[in-house]
Amino acid sequence: GEGEGVAAESARGQLFLRAVEMMATADRNGWFAAPVKEQEAPGYAEAIAHPMDLQTMAGKVRARRYADESELEADFRRVFENCMAYNEQGAPIHEEARRLLATVPEVFSACALQISGRYHGQGRRKKKGH
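The sequence shown: position 64 = 64 (full-length UniProt numbering), numbered continuously.
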């Protein structure tokens with residue numbers, strides 16, 4: 001029925017938001033948290049055709065702008081690939097972008113496990129008095 005679609009969509013939205021939150025936690029320096037400002041990165045707007053950041057991604061999740069996981073993954077990749085394109089190799093921010101880019105698949109699988117109904121409440125609940 002129609003209700004199932006809505007439930008599935010909200011579960012997916014939850015999953016996507018969790019993925020963005022996990023990535024924001026992994027971004028220890030907050031380098032990828034917000035849109036790049038031109039004064040911090042001269043020439044960024046000319047150099048980078050499609051800027052993306054984690055705050056913008058969270059907004060897109062809430063606005064239901066992602067049709068599926070592949071679109072969310074593409075934006076995650078864009079965040080870090082943009083950074084690697086703009087900052088030269090060896091720069092700490094370039095290396096951090098490379099590290100985070102490599103975690104994208106892990107973040108997705110970790111989220112999927114947390115959200116999937118099968119895993120709810122199995123051995124997770126603490127017994128009273130323990």
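For glycine and all other residues, C-beta sits at the position ideal for the given N, C-alpha and C.
Distance, Cα to Cα, residue i vs residue j?
i           : j      : result
Thr56       : Asn87  : 21 Å
Ala7        : Phe32  : 30 Å
Arg124      : Asp27  : Note on Arg124: pLDDT 46, under 50, position unreliable in the model; the coordinate value appears next. If you take the alpha carbons of Arg124 and Asp27, they lie about 27 Å apart.
Ile93       : Ile48  : 16 Å
Arg65       : Leu101 : 22 Å
residue 181 : Gln114 : The shown model of the chain, from 1 to 130, leaves out residue 181, and the question about it has no answer.
Val20       : Ala58  : 6 Å
Arg78       : Ser10  : 24 Å
Glu73       : Met23  : 12 Å
Lys60       : Ser70  : 14 Å
Met84       : Ser109 : 24 Å
For residue i, count neighbouring Cβ atoms within 10 angstroms of its own Cβ and tell me buried if that reaches 16, exposed if not.
i     : result
Asp68 : exposed
Ala97 : buried
Asn82 : buried
For the alpha helix (DSSP H) that contains residue i, what are its first and last residues?
i     : result
Lys60 : 54 to 62
Tyr66 : Per DSSP, Tyr66 belongs to no alpha helix (DSSP H) and is neither H nor E.
Ala47 : 44 to 47
Can you check which of these residues, the options, is closest to residue i by C-alpha distance?
i      : options                     : result
Pro105 : Phe16, Glu9, Ala11          : Phe16
Asp75  : Ala63, Phe108, Glu38, Asp53 : Asp53
Cys111 : Arg18, Ala85, Pro35         : Arg18
Gln14  : Ala63, Thr25, Gln39         : Ala63
Pro35  : Gly43, Pro51, Thr25, Glu46  : Pro51
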